[in-house]
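Data first, discussion second: the structure below is written as structure tokens.
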Amino acid sequence: MRRIVVTGMGALTPIGNNVSEYAEALKNGVSGAADITHFDASSFKTRFAAEVKHLDVNQFIDPREARRLDKFSQFALIVAAEALTDSGLDVETLDQNQVGVIWGSGVGGLLSLEQEIEENKEVTIPRYNPYMIPKMIADIAPGHISIKYGFRGINYGTVSACASATHAMIAGLDAIRLGRADIIVSGGSEAAIIRTGIGGFSSMKALSQRNDDPATASRPFDKDRDGFVLGEGAGCIILEEYEHARKRGAKIYAELCGGAMTADAYHITAPHPDGIGASKVMELTLRDANLNHSQVDYVNVHGTSTPLGDVAELKAIAEVFGDHAYRLSISSTKSMTGHLLGASGAIESIATIIALNQHFIPPTINHFTNDPEIDSRLNLTFNEAQDKSVKVALSNTFGFGGHNACVMFRKL
1 MRRIVVTGMG ALTPIGNNVS EYAEALKNGV SGAADITHFD ASSFKTRFAA
51 EVKHLDVNQF IDPREARRLD KFSQFALIVA AEALTDSGLD VETLDQNQVG
101 VIWGSGVGGL LSLEQEIEEN KEVTIPRYNP YMIPKMIADI APGHISIKYG
151 FRGINYGTVS ACASATHAMI AGLDAIRLGR ADIIVSGGSE AAIIRTGIGG
201 FSSMKALSQR NDDPATASRP FDKDRDGFVL GEGAGCIILE EYEHARKRGA
251 KIYAELCGGA MTADAYHITA PHPDGIGASK VMELTLRDAN LNHSQVDYVN
301 VHGTSTPLGD VAELKAIAEV FGDHAYRLSI SSTKSMTGHL LGASGAIESI
351 ATIIALNQHF IPPTINHFTN DPEIDSRLNL TFNEAQDKSV KVALSNTFGF
401 GGHNACVMFR KL
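1 is the number of the first residue of the sequence shown in this note's numbering; add one for each residue after it.
Structure, rendered in structure tokens:
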């Protein structure tokens, strides 16, 4: 079977605008949550989020082109450029037919749709922007990446809520294994910190309302957690067939050695309380990677800071790993970045790969009070990063609709 390795990464997050900044913030336990600046949120129940900061899009994309792109596509192009540069690939000499792009987004260009509705709601004869549809459709980001670089291989979008980017990576894994591509540009992007996004999630009672202290609002596994913090950004991972990477002398961050997908078949937004789908997806990932549960060192959990989800995921880990669960390092980087929805799997996989390469476990910050429903014997890496040599790690992402996805990385 063809093996797949990671040879390039790009990140744009609420705690760092490239992989280097992101890694440093992860190590230092930085929170990206703050009062919303994208719009006036004073009338909303939740008035904070984890925004990307200090970003001048025009430094990365021609201003005329940028105006024709929704923010989630702008984010995608920015991180794809970083990842491709990082990979050392010579785009001009590649077999373009063997390079594909598979990209995830949960809501696509929701911002563009909201803007068009707002601009036309008081108008007798609406005049819609001709770019509205191509700006908003969720599959457009991989299209833009392929057009920019001339990649003529597999190209499509994955839309599965918070599992979108992880599904994109697993699709890339499968495509390379089957010989349908040598390289897949994979990842996800999201830009949902808008009135519709905050209002919609708030009405579901999914968001934290800790408006007096946004920086500590995302607190996975804490007794007083009250919902997730909405984030934005993007992550890109270059997946490459191992021999292709080896022959060109590429830097290899890790092997993507396994991945799996399942469904809860339980509820549109709530996880199965016993974590049945989550445990199954981890078991299948271990099987796909041909590894034993005792070989895993670290699990980057979905860990959204919701009352139901955090408990269910830890139940699933206990079910899969048994006594080895107490030897695992476990953490939720959403405590720092917030929840990037369809992009979360990409930036959390990058965090997992950073742990493999920089020998530390990113912390679960904002832990203040133990939850009696959570096994205190588990090492949830509370509040401070921990030095550790990591050779094998899992990253979980679960999405509304009961979508479960898991990927496994191994240090070569």
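Backbone N, C-alpha and C define an ideal beta-carbon position, used for all residues, glycine too. Note that this is a predicted model, so its numbers are computed, not measured.
Proximity below 8 Å, CB of residue i to CB of residue j
i: P220; j: S332; result: yes
i: A83; j: I145; result: no
i: A325; j: A318; result: yes
i: V5; j: E255; result: yes
i: D86; j: G8; result: yes
i: F39; j: R195; result: yes
i: D70; j: G109; result: yes
i: G401; j: I268; result: yes
i: N404; j: A263; result: yes
i: C416; j: A346; result: No answer is possible for residue 416: the residues shown for the chain start at 1 and end at 412.
i: R2; j: E241; result: yes
i: P273; j: A34; result: no
Reference residue i; option with closest CA among the options
i: M282; options: A393, L239, D226; result: A393
i: F72; options: N97, M1, L12, V299; result: L12
i: K148; options: D139, A80, S208; result: A80
i: G153; options: D182, A254, E122; result: D182
i: S31; options: P130, L89, A217; result: A217
i: V52; options: E190, E119, F228; result: E190
i: Q98; options: R327, Y131, N155; result: N155
i: H302; options: A175, F228, D375, D323; result: F228
i: P271; options: D56, A250, D310, Y242; result: D310
i: G197; options: H339, R64, R246; result: H339
i: S160; options: I361, A343, E348, D375; result: A343
Simplified DSSP state of residue i, which is helix, strand or coil
i: R410; result: strand
i: V229; result: coil
i: A34; result: strand
i: D90; result: coil
i: L284; result: helix
i: T337; result: helix
i: F60; result: coil
i: D371; result: coil
i: E190; result: strand
i: M9; result: strand
i: T158; result: strand
i: L84; result: helix
i: V79; result: helix
i: L256; result: strand
i: I28; result: It is Asn, not Ile, that sits at residue 28 in the sequence shown. Reduced to three states, the DSSP call for N28 is helix.
i: L55; result: coil
Neighbourhood of residue i by C-beta, 6 Å cutoff - its chain only, sequence neighbours within 5 removed
i: I49; result: It should be noted that the sequence gives Ala, not Ile, for residue 49. Excluding positions up to five away in sequence, the list reads I36, I193, L230.
i: T158; result: G104, S164, H167, A168
i: P134; result: I140
i: H244; result: D182
i: Q209; result: K45, T46
Sequence-distant residues of its chain with Cβ nearer than 7 Å to residue i (five each side left out)
i: S202; result: F44, K45, T46
Same chain, Cβ closer than 8 Å to residue i, five either side skipped, listed in chain order
i: K391; result: Q295, D297, L356, R410, K411
i: H359; result: D387, K388, S389, V390
i: L291; result: C257, G258, V392, M408, R410
i: N383; result: G29, P363, T364, I365, N366, H367
i: I61; result: L69, Q74, L77, I78
Bridge-paired residues (DSSP) for residue i
i: F360; result: D387
i: V413; result: The requested residue 413 is not part of the displayed model; the chain covers only 1 to 412.
i: A405; result: M261, T397
i: M132; result: DSSP output for M132 lists no bridge partner at all.
i: G235; result: A11, G188
i: D222; result: N370
i: G413; result: An answer regarding residue 413 cannot be provided, because it is not within the stretch 1 to 412 covered by the chain.
i: L110; result: DSSP, once it has assigned bridges, lists no residue as partnering L110.
i: Y298; result: S329, A393
i: G100; result: I184
i: L207; result: F228
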